[in-house]
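**Student:** Be aware that the sequence shown starts at 1178, since it is given in the working numbering, and climbs by one per residue.
Glycine included, C-beta positions come from ideal geometry on N, C-alpha and C.
For clarity, every value in this text was computed on a predicted model and none was experimentally measured.
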Amino acid sequence: MDVLIVGSGGREHAIATAVKKSSKVDKIYCAPGNGGIAGIAECVDITAMEFEKLADFAEQKKIGLTIIGMDDPLVGGVVDVFEKRGLRVFGPRKNAAIIEGSKAFSKDLMKKYGIPTAAYENFNDADQALAYLDTVSAPIVVKASGLALGKGVLICQTIDEAKDAVRSIMIDKQFGDAGAEIVIEEFLTGREVSVLCYCDGTHIKPMTSAQDHKRAKDGDQGLNTGGMGTFSPSPFYDDEVKRFCEEKVYQPTMDAMKAEGRDFTGILFVGLILTPDGPKVLEYNARFGDPEAQVVLPRMKNDIIDVMEACIDGKLDTVDLQFEDNAAVCVVLASDGYPEHYEKGKEIHGLEAFEGKDDYFVFHAGTKKDGDKILTNGGRVLGVTALGADLKTARANAYKATEWIDFSNKYMRHDIGKALDEV
Ligand code: AMP
Ligand code: GLY
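If you want it as structure tokens, here you go:
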């Protein structure tokens, strides 16, 4: 069959790489894609939010399966548009993608169904939020409820800081409509773990765990970003934590969505924090993580098309999901200045060093093709992933491979996976 992937980041490059390995797939298209994806798929000039155009394309090309990588189209209802036209598509419908699209919704869901999460209140009125802040203590977390490119969460060390956050989100509309409603929640401490799960509406199968590094600078300093690097598996996600999450988080979330008439099909990304009181859910996403996908998918043994089709057909219980007994580390190469101001259009050198090496991957995020050249075209430019027998080897391999790449404003964190030194 032919496959269409919707999105343009490192995540979509990792999905395309997994799809390319499938024996079921003839041709891959990607809308809109990027300079690296163009190496394995035909890029199509349709943006992720042009739902009818995407569906027209899928119809014309008789696409056997469309995979939606990004959150915005999912939350906007792209899957509903495809389904209405009888097209096969992988991802949650709009009424289920709300689990990512509205943090207020997901907090209420967790409260109603007893899924462990931080104590919180939702507000759609700034005065009420400000008055509430007089009744609680800092540190405290203020979150825009809607999609805000991963930047809508403000950790506030004082109540005054929290009040400023409320004003800037709700009155100055720092995140636009995403901040019309906010969540104010208890500050939690602990290791964070991301667990991405395949879901078919009824059954849920967690993949191997991963950990992201969200801050821009070494030592978890600087601004929050989309993610500066990942490793998989997380040694902190041990058997006990896993068992707890399987009993108290994953299946209960599936059951809760079903009970609400919002059957969830696709990828449920569970962002966990391992607190001294046990694991709690920080957030849900309705798609693969980026750059979590870049360390999880290269370790998956199954044919991704088989798993995705089982999800669509409600037969995930028949799939034996398997991962290699190895480790992966991804270091993001960004444009210096990300996530604020940075320059684009720099020529990238050294990409050919990855060719023919099975244990090394260079996933393109913000790149574009210009004749024979590949230029930087975004904040996060490339994700350099390496496999290894264990995490420390994978980390050494990944950092070695970052040296193969050169562009003039290349920036990366040097401590991806440093926490592993404590294990
Ligand atoms: P979210 O998008 O909700 O996952 O938040 C982004 C990041 O903010 C998380 O990965 C955490 O590092 C941090 N964060 C979110 N909520 C909390 C919380 N309640 N306590 C401490 N840190 C948090
Ligand atoms: N890396 C975090 C995310 O994809 O939301």
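#1: So the beta strand (DSSP E) Asp1547 belongs to, where does it begin and stop?
#2: What distance in whole Å lies between the Cβ atoms of Ala1325 and Ala1355, which are believed to be in contact at a cut-off of 8 Å?
#3: Alpha carbon to alpha carbon, what distance is there between Val1372 and Ile1237?
#4: Is the Cβ-Cβ distance between Lys1284 and Leu1310 less than 8 Å?
#5: Tell whether a beta-carbon distance below 8 Å holds between Thr1243 and Phe1228.
#6: Can you grab the Cα-Cα spacing for the pair Val1508 / Ile1450, in whole Å?
#7: For a minimum of 3 consecutive residues, which ranges assigned as the beta strand (DSSP E) are wholly contained in the segment 1337-1409?
#8: Just to confirm my understanding: we take Thr1379, look at its own chain, exclude 5 residues before and 5 after, and list those with CB closer than 6 Å. What are they?
#9: Identify whether Gly1216 lies in helix, strand or coil by the three-state DSSP scheme.
#10: Report yes if the C-beta distance between Gln1471 and Gly1263 is below 8 Å; otherwise report no.
#11: So, helix, strand or coil for Val1132, using DSSP?
#12: Alpha carbon to alpha carbon, what distance is there between Thr1224 and Glu1532?
#13: Which residue comes first and which comes last in the beta strand (DSSP E) that contains Asn1272?
#14: What are the start and end residues of the alpha helix (DSSP H) that includes Tyr1309?
#15: Using a threshold of 8 Å, state whether the C-beta atoms of Pro1410 and Ala1563 are closer than that.
#16: Run the CB neighbour count on Asn1301, radius 10 Å, all protein chains shown included, and call it buried at 16 or more, exposed below.
#17: Quick check on this structure: which residue in Asp1549, Ala1315 and Leu1331 has the alpha carbon closest to the alpha carbon of Ser1322?
#18: Within the structure, which residues are defined as neighbours of the ligand AMP by a Cβ-heavy atom distance below 5 Å, reported in chain order?
#19: Less than 8 Å between the C-beta atoms of Tyr1206 and Ala1218, yes or no?
#20: Looking at the strands, I want to know which residues DSSP matches up with Pro1209.
#21: DSSP on Asn1586, reduced to helix/strand/coil?
#22: Okay, do the segment 1511-1524 and the segment 1486-1501 touch, 3+ Cβ pairs below 8 Å being the bar?
#23: Taking the alpha-carbon positions, what's the Val1252 to Asp1440 distance?
#24: State yes or no: is the C-beta of Asn1462 nearer than 7 Å to some heavy atom of the ligand GLY?
**Tutor:** Once the coordinates are examined:
#1: Thr1544 to Asp1547
#2: 4 Å
#3: One point to set straight first is that residue 1237 is Gln, not Ile, in the sequence displayed. Rounded to whole angstroms, Gln1237 to Val1372 spans 36 Å at the Cα level.
#4: no
#5: no
#6: 22 Å
#7: 1359-1363, 1368-1377, 1381-1389, 1392-1394, 1398-1401 and 1406-1409
#8: none
#9: helix
#10: no
#11: Past the boundaries of the shown model lies residue 1132; the chain is included only from 1178 to 1600, so the question cannot be answered.
#12: 29 Å
#13: No beta strand (DSSP E) contains Asn1272, which is instead part of the alpha helix (DSSP H) from Lys1271 to Gly1278.
#14: Ala1303 to Leu1310
#15: no
#16: exposed
#17: Leu1331
#18: Ala1295, Val1318, Val1330, Glu1362, Phe1364, Leu1365, Gly1448, Leu1459 and Glu1460
#19: yes
#20: Gly1184
#21: coil
#22: no
#23: 14 Å
#24: yes
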